[in-house]
Structures are given as structure tokens and as C-alpha cells.
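Residue numbers (the working numbering): 140 to 353.
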């Protein structure tokens, strides 16, 4: 899953928070989030190859309605043969600052597709990974839209400048989960490479291979 900030959004989404009181309410809540999932489902991307065997979703999650602030996501599930309902959830964030997690992370690095040389069609990526407050709010609201991902092992991954804000988001999640026996956001850890946590000291060795390409 990847995110990109969207400013001055004129639309907002109604997220369903039904209290579980009887079967009628349970049915209503389930119908609500399934409708939102269906609305976000990607049937086919432009230029997408035919042999795609995994589900995709994308859309906006409002994190601050008054300011018109929302986050965009693109979810690519694991292929059906890999039992996606059993797989952990990974949030990928690019660095920069300012690098798009869609244009770079999803389209050129760990995502399921690569753009062909003609710029009009896609090909499958054989190495795809699917075989701080605003971000936290986004995650919790996203889980209301996709409750089937609640309680799954959750990781945050990214690169470069993401080494600054991934630990901050991780800390927020850890603090919010304190004292919770079965947290909805079942955070297990984060991965950052090459990182910006403390470049001159703890990351020097990991950057040596990169120097050979300069």
C-alpha cells in the first residue's frame, strides 16, 4: 500500500462507525464498508496486462475535513494463490522529501507493475512486494473501509528521507497501542533503506555500495 498527500480536496468520504447492537446493525456496517470498497476497486488500469491475478483498490481517505486534507492510497493485494487474507499489511512511503510513493515506490520499485518504454502500457514486476498524526488518522479510517485488514501484522517500509517520518509514525502507533491487548493496528516494526536516521554514523557502511555509482 502507498500514500500521497492531496491538498484542497473538495470531496469527503462517509466512514461508517456502527455500534454493534444486533444483527441489523452488523449487516448495515458490513454493507457500508463493502460499498466503499467496491467504489474504490480498480477493475483495470490503462495498459494493464491480461494475466493480473490480484485485486487492487485506490481512493482518498479524508483526515481533516475542515482543511480539505486527504490522503490517497493504492492497495495491491497478494495474488489469490498466495492466500491474501493471511498476508500482513505493509505501508510503503518514499523519501525525498517530496518523492511520490506512487510514481517511484509503486511504479518503479516494489509495486506490481512497470511502465513499458512506450509510456502507454504496463508489464508485471516479477519482484513486486505483493507476492504522524495525519498518517495515523488515515490508517485508522482506512481500516474502517477495509476491516478485513484489522489485527493483521502491520509493517511500515520506505527509503531515503522516509527515515525521518517513518519512525515518528511508528512511535505514534506504539503509544496509541499501549495497554491494548488486541490492537486494530497490529504494528510489528518498520524497514528503512537507505535511511536518514543518522547518516554520518550508523548508516555509513550501508551507503558504501552506492558510492561506487557516483
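For glycine and all other residues, C-beta sits at the position ideal for the given N, C-alpha and C.
Best match in the options for proximity to residue i [C-alpha to C-alpha]
| i | options | result |
| --- | --- | --- |
| residue 197 | 259, 175 and 232 | 175 |
| residue 328 | 263, 209, 229 and 201 | 229 |
| residue 262 | 178, 191 and 180 | 191 |
| residue 260 | 173, 177, 184 and 208 | 184 |
| residue 264 | 177, 188 and 324 | 188 |
| residue 282 | 186, 199, 182 and 332 | 199 |
| residue 298 | 279, 330 and 314 | 330 |
Presumed contact (8 angstroms Cβ cut-off) between residue i and residue j, rounded CB distance
| i | j | result |
| --- | --- | --- |
| residue 312 | residue 288 | With 8 angstroms as the limit, residue 312 and residue 288 do not qualify as a contact, their Cβ atoms being about 14 angstroms apart. |
| residue 290 | residue 316 | No, residue 290 and residue 316 are not in contact; Cβ-Cβ is about 12 angstroms, not under 8 angstroms. |
| residue 301 | residue 232 | 4 angstroms |
Chain-order list of residues whose beta-carbon lies under 8 angstroms from that of residue i (same chain, five-residue window excluded)
| i | result |
| --- | --- |
| residue 193 | 215, 216, 217, 218, 219, 223, 251 and 269 |
| residue 285 | 172, 176, 196 and 214 |
First and last residue of the uninterrupted beta strand (DSSP E) at residue i
| i | result |
| --- | --- |
| residue 296 | 292-299 |
| residue 197 | 195-203 |
| residue 252 | 252-254 |
| residue 208 | 208-215 |
| residue 262 | 261-263 |
| residue 229 | 228-232 |
Three-state class that DSSP yields for residue i in the structure shown
| i | result |
| --- | --- |
| residue 184 | coil |
| residue 321 | coil |
| residue 332 | strand |
| residue 349 | Caution is warranted here: a pLDDT of 42 is assigned to residue 349, below 50, making its placement in the model unreliable, and the coordinate value is therefore given only provisionally. The answer is helix: DSSP assigns residue 349 an H, G or I state. |
| residue 327 | strand |
| residue 178 | helix |
| residue 191 | coil |
| residue 277 | helix |
| residue 223 | helix |
| residue 302 | helix |
Close-in-space but distant-in-sequence residues of the same chain around residue i (CB under 6 angstroms, 5 per side omitted)
| i | result |
| --- | --- |
| residue 208 | 202 |
Spatial neighbours of residue i in its chain, beta-carbon cut-off 7 angstroms, leaving aside the 5 residues before and after
| i | result |
| --- | --- |
| residue 160 | Since pLDDT at residue 160 reaches only 27, below the 50 mark, its modelled position is unreliable, and the value read off the structure follows with that caveat. If we look at residue 160 and ignore the five residues flanking it on each side, it has no Cβ neighbours. |
Min CB distance residue i to chain C below 9 angstroms
| i | result |
| --- | --- |
| residue 251 | No chain C appears in this structure, which consists of one protein chain only. |
Check: residue i C-beta below 8 angstroms from any heavy atom of the ligand SAH
| i | result |
| --- | --- |
| residue 217 | Although the ligand SAH was asked about, the structure shown includes no ligands whatsoever. |
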